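Taking it in order: structure first as structure tokens, then the write-up.
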Amino acid sequence: MEYELYVLCNVLGTAAAVLIIFKGGLKIKGKVIKKNKKIVKIETTKPKDHIVIEKPHVERKIEPTDGVNTKVHQVTTTEALTPSENSFRIAQIKRTAKKVESLLKETHRERVEKFNQKLSKLSEHFDIPKVGPG
33 MEYELYVLCN VLGTAAAVLI IFKGGLKIKG KVIKKNKKIV KIETTKPKDH
83 IVIEKPHVER KIEPTDGVNT KVHQVTTTEA LTPSENSFRI AQIKRTAKKV
133 ESLLKETHRE RVEKFNQKLS KLSEHFDIPK VGPG
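Those letters in the sequence shown? Residues 33 to 166, per my numbering, in order.
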């Protein structure tokens with residue numbers, strides 16, 4: 033592999049472009065990365081006794097009573113996800129449901145009143161000055 037690097041040098045007031053070529057692979061700081069060796073499997077003509085161990089599919093019993101539980105049930109029944117991805121998605125769904133629930137507790141009018149009270153407690157230093165004639 034070749035990597036080309038053009039550098040603009042300013043030598044004694046004149047600009048000159050210099051081409052630097054690096055040959056070989058990139059050197060990375062830190063530990064040496066070992067290449068994976070290919071494993072060649074030799075097939076034998078002798079028949080072997082194969083022992084097949086099947087993992088029992090455990091279904092979690094979740095009753096889908098509301099929207100959160102139905103979404104959680106959909107995530108747990110998906111087979112494409114690993115257990116850690118499953119638990120992450122479930123926690124994410126529960127977090128968003130909790131946020132929505134907290135937002136629905138207050139009406140818009142209550143939030144505006146709360147904001148206005150907060151603004152009235154601030155000093156005049158933070159008021160926006162009038163702009164323009166008048």
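A virtual CB, placed ideally from N, CA and C, is assigned to each residue, including glycine.
All values reported here derive from a predicted model rather than from experimental measurement.
How about the segment 109-127 and the segment 140-155: do they share at least three Cβ pairs that are nearer than 8 Å?
Short answer: they don't touch.
Nearest to E117 (by Cα), restricted to the options E133, V104 and H157:
V104
Taking the alpha helix (DSSP H) that A129 falls in, what are its first and last residues?
P115 to K137
Contact set for T109: own chain, Cβ-Cβ below 7 Å, skip 5 residues either direction:
none
Just reading off the alpha helix (DSSP H) that H157 is part of, what are its end residues?
Segment: none, H157 is in no alpha helix (DSSP H) and carries neither H nor E.
Identify whether P96 lies in helix, strand or coil by the three-state DSSP scheme.
Low local confidence applies: a pLDDT of 45 at P96 is under 50, so the model's placement there is unreliable, with the coordinate-based value given in what follows. P96 falls in the coil class under three-state DSSP.
Please report the distance separating the alpha-carbon of Q69 from that of A112.
Residue 69 is actually Lys in this sequence, not Gln. Approximately 29 Å, taken between the alpha carbons.
Does DSSP put K150 in a helix, in a strand, or in coil?
helix
When the distance is taken between beta carbons, is A129 closer than 8 Å to V100?
In this structure, A129 lies closer than 8 Å to V100 by Cβ.
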